[in-house]
Amino acid sequence: MLNKKRISKNRLLLLGTFIFLIVLSIPTFFWIKSANHDLAERRKSQMSPVIMIPGSSATTERFNELVNLLNKDTLKKHSLLKIQVKKDGTLKYSGKINRNDNEPFIVVGFENNHDGYANIKKQAGWFDEAFAQLSQQYKFNNFKAFGHSNGGLIWTYWLEKYYADYSDEIKIKKLMTLGTPYNFNESNVDHKTEMLNDFIKNRKKIPKNLDVYSVSGGENYESDGLVPESSVAAGKYIFQNQVKHYTTMTVTGSDAQHSSLPQNKQVVQLIKQYLLENNNGNNVPGNNQRPQDKHKKKKIIND
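Per full-length UniProt numbering, the very first residue in the sequence shown carries number 1; after that it's consecutive.
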């Protein structure tokens with residue numbers, strides 16, 4: 001009689017354990033199913049957005065004129081989505097991505113848009129909050145990056161600290177920085193700032209298959225009126241011999257001053273030529289050709 005009771009208890013225990021495991025496995029099953037569905041959606045996605053980060057003191061409205069100029073002579077317009085990241089990490093959206101737009105512009109700005117290395121680190125973290133939500137919502141598998149001034153520093157810090165979390169599923173194809181002070185206001189490259197030293201130390205975390213274009217303004221022979229040319233050129237210590245292609249270019253003439261660079265008509269042409277997909281007016285990614293040489297020499301472009 002005692003043995004029968006023990007056997008009955010053991011059976012009940014086994015049955016309870018079995019039911020418990022089944023209950024546990026149900027959410028796991030649906031999580032795996034959902035994850036596989038998201039991955040399949042991402043793999044077949046045709047979207048390749050251009051994500052833009054403005055410099056310090058600038059807002060999400062910074063690139064309005066640039067986007068208008070880029071859309072001026074195209075058959076199919078690029079839509080524009082703007083996101084402001086609040087100090088608490090919440091996101092404020094304006095604009096939208098139009099249906100069937102495979103190459104939209106997405107501008108990410110910050111409520112705290114102040115200068116300084118400590119703040120750039122914070123902004124990179126806030127940008128990561130936006131990027132995580134964007135990648136989940138739109139499920140793109142590749143993108144291009146553009147940063148003006150300190151926006152290029154935020155991109156660089158984000159690539160070194162955060163991009164590895166996405167690199168298995170999302171590829172950054174190209175990065176264009178415009179008037180980016182990799183050594184801040186220091187004109188002597190022998191006097192490397194803490195930020196530049198950190199960038200150099202962590203450069204191996206930057207993806208090797210990346211095309212990088214660094215554009216500087218030449219208001220005079222030494223700077224764009226604000227950022228020393230040598231500070232922009234210091235980007236070579238970060239990217240050269242690390243990425244697939246590293247190209248430097250200088251625009252001169254009218255609108256070559258630091259704050260005017262995003263509206264410079266030569267910069268607009270450079271973005272069309274090197275950052276956007278070239279396909280005779282249709283913004284469908286994947287048809288453009290790129291230079292094959294490892295590191296291109298500096299181009300001087302007169303406006």
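A virtual CB, placed ideally from N, CA and C, is assigned to each residue, including glycine.
Beta carbon of residue i, beta carbon of residue j: below 8 angstroms?
{"i": "Gly-109", "j": "Gln-133", "result": "no"}
{"i": "Lys-87", "j": "Glu-111", "result": "yes"}
{"i": "Pro-262", "j": "Leu-196", "result": "no"}
{"i": "Thr-180", "j": "Gly-147", "result": "yes"}
{"i": "Glu-103", "j": "Asn-141", "result": "no"}
{"i": "Glu-194", "j": "Tyr-117", "result": "yes"}
{"i": "Phe-199", "j": "Glu-229", "result": "no"}
{"i": "Trp-158", "j": "Phe-127", "result": "yes"}
{"i": "Lys-144", "j": "Ser-48", "result": "yes"}
With H, G and I counted as helix, E and B as strand and the rest as coil, what does DSSP make of residue i?
{"i": "Pro-228", "result": "strand"}
{"i": "Asn-36", "result": "With a pLDDT of 49 at Asn-36, under the threshold of 50, the modelled position of that residue is not reliable, and the figure given next carries that caveat. Helix, per DSSP."}
{"i": "Gly-95", "result": "strand"}
{"i": "Gly-253", "result": "coil"}
{"i": "Val-267", "result": "helix"}
{"i": "Leu-15", "result": "helix"}
{"i": "Ala-75", "result": "For the sequence presented, residue 75 should be read as Leu rather than Ala. Coil."}
{"i": "residue 348", "result": "Nothing can be reported for residue 348, as the shown portion of the chain is limited to 1 through 303."}
{"i": "residue 315", "result": "Coverage of the chain is limited to positions 1 through 303, which leaves residue 315 absent and any answer about it impossible."}
{"i": "Ser-223", "result": "strand"}
{"i": "Gln-84", "result": "strand"}
{"i": "Thr-156", "result": "helix"}
{"i": "Lys-144", "result": "strand"}
{"i": "Gly-151", "result": "helix"}
{"i": "Met-47", "result": "coil"}
{"i": "Lys-173", "result": "strand"}
Within the same chain, show all residues whose beta-carbon is closer than 6 angstroms to that of residue i, passing over the 5 residues directly before and after it, in chain order.
{"i": "Gly-235", "result": "Tyr-182 and Ser-214"}
{"i": "Phe-239", "result": "Val-212 and Tyr-246"}
{"i": "Val-284", "result": "For Val-284, the predicted structure reports a pLDDT of 44, less than 50, and the residue's modelled location is therefore unreliable. A value from the coordinates is still provided. Asn-102, listed in sequence order."}
{"i": "Met-176", "result": "Phe-146, Tyr-213 and Leu-275"}
Please classify residue i as buried or exposed, where buried requires at least 16 neighbouring CB atoms within 10 angstroms.
{"i": "Phe-18", "result": "exposed"}
{"i": "Tyr-93", "result": "exposed"}
{"i": "Thr-90", "result": "exposed"}
{"i": "Ile-51", "result": "buried"}
{"i": "Lys-204", "result": "exposed"}
{"i": "Leu-276", "result": "buried"}
{"i": "Gln-273", "result": "exposed"}
Near residue i, what residues of its chain come up, given a Cβ to Cβ distance below 7 angstroms and the 5 sequence neighbours on each side ignored?
{"i": "Lys-96", "result": "Ser-79 and Leu-81"}
{"i": "Phe-20", "result": "none"}
{"i": "Ser-223", "result": "Glu-229"}
{"i": "Val-267", "result": "Leu-178, Val-215, Val-251 and Leu-261"}
{"i": "Leu-226", "result": "His-258"}
{"i": "Lys-192", "result": "Asn-183"}
Once the 5 residues before and after residue i are set aside, which same chain residues still bring their CB inside 8 angstroms of it?
{"i": "Asn-282", "result": "Low confidence applies here, because Asn-282 scores a pLDDT of 45, under 50, leaving its location unreliable and the question unanswered by this model."}
{"i": "Leu-13", "result": "none"}
{"i": "Glu-65", "result": "Pro-262 and Gln-263"}
Margin query: Check whether the region 111-127 and the region 147-158 touch, using three or more Cβ-Cβ pairs below 8 angstroms as the test.
Written below: Result yes; three or more Cβ-Cβ pairs closer than 8 angstroms.
Note to self: Below 8 angstroms, how does it come out for the region 255-263 and the region 233-246: are there three or more Cβ pairs, yes or no?
What the structure shows: As far as the Cβ criterion goes, the region 255-263 does not touch the region 233-246, which means the pair count is below three.
Check: Using 8 angstroms as the Cβ pair cut-off and three pairs as the minimum, do the region 53-61 and the region 113-120 touch?
Finding: Segments in contact, yes.
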